[in-house]
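Student: Take 1 as the starting number for the sequence shown in full-length UniProt numbering and just add one per residue. Backbone N, C-alpha and C define an ideal beta-carbon position, used for all residues, glycine too.
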Amino acid sequence: MAYSAKIGPSILSSDLSCLGSECVRMMECGADYLHLDVMDGHFVPNLTFGHPMVECLRKSVGQDPFFDMHMMVSRPEQWVKPMAAAGANQYTFHLEATTNPGSLIKDIRESGMKVGLAIKPGTTVEELAPWANQIDMALVMTVEPGFGGQKFMEDMMPKVSWLRSQFPSLDIEVDGGVGPDTIHKCAEAGANMIVSGSAVIGSDDPRSVIALLRTVVAEAIQKRSLDR
Ligand code: DX5
Ligand code: ZN
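1) Just to confirm, are residue 214 and residue 62 a CB contact at a threshold of 9 Å?
2) Could you give the distance in angstroms between the alpha-carbon of residue 199 and the alpha-carbon of residue 11?
3) Residue 57: which of 121, 211, 20 and 76 sits nearest, CA to CA?
4) Quick check: does the Cβ of residue 76 come within less than 8 Å of any heavy atom belonging to ligand 2?
5) Between residue 89 and residue 113, which are expected to be in contact by the criterion C-beta below 8 Å, what is the C-beta distance as a whole number of angstroms?
6) Have a look at residue 133 and residue 154 and give me their C-alpha separation to the nearest angstrom.
7) Can you list, in chain order, the stretches of the alpha helix (DSSP H) that have 4 or more residues and sit fully within the region 87-164?
8) With which residues is residue 35 paired in a DSSP beta bridge?
9) Is any heavy atom in ligand 2 found nearer than 8 Å to the beta carbon of residue 137?
10) List the endpoints of the continuous alpha helix (DSSP H) containing residue 227.
11) Closer than 8 Å to a non-hydrogen atom of ligand 2 - does that hold for the CB of residue 176?
12) When you compare only the Cα positions, how much space is there between residue 150 and residue 24?
13) To the nearest angstrom, how far is the alpha carbon of residue 212 from that of residue 180?
14) Going by C-alpha distance, which of 69, 73, 76 and 95 is nearest residue 86?
This is the structure in structure tokens:
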């Protein structure tokens, strides 16, 4: 089985004035990667940061941490090169934001980044499927994108299960309302890349929360491999 359990804290709910040290803290607490939420105030009704911030962050945290850029922007084509130059490792764009996913996937690869493809709750998994063999990761949103701290949408789990059954070695990420109370559903459905914002950042003991999330997912992966 090609995929493994990976936990990526979303730093959206951290103290943004201390982003560098917050990222370092998350890596020291056992994070496998960092999920960075880029919002343009247009694709979603909220505004965060862009590539200049990512460039500073890369300088501050060093080359090691893997940056998964969650691009909640209306024109994802526009930011591929600047994000690659700033030090992003993976460019996760929304299917709803582009009319030409194929050429965007190609551009992202040519820029040296991995490709993530995200779908909002209202988008069906069948719309993502034609691209699944060309991407590194599928992101199934478990809230409407835009804000941290929202309620997990359990009714998104059939999308994850279907993707896992169709694409057994694809990295599948879930994002939104995921924490110790909801991780079992995600793990059972077949997600292996877990974004968690408020549940990790807001915890007094992020190390334990990250470890717990990873254990639940790793156990589900192991069970699935035994069942095959
Ligand atoms: C929401 C973002 C998420 C968010 C997750 O649009 O994409 O990454 O920060 O935060 P929680 O885990 O608090 O829902
Ligand atoms: Zn996100």
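Tutor: Once the coordinates are examined:
1) no
2) 11 Å
3) Considering only alpha carbons, the answer is 20.
4) no
5) 6 Å
6) 26 Å
7) 101-110 and 125-128
8) Beta-bridge pairing links residue 35 to 10 and 68.
9) no
10) 206-227
11) yes
12) One C-alpha to the other measures close to 25 Å.
13) 7 Å
14) For residue 86, the nearest C-alpha among the options comes from 69.
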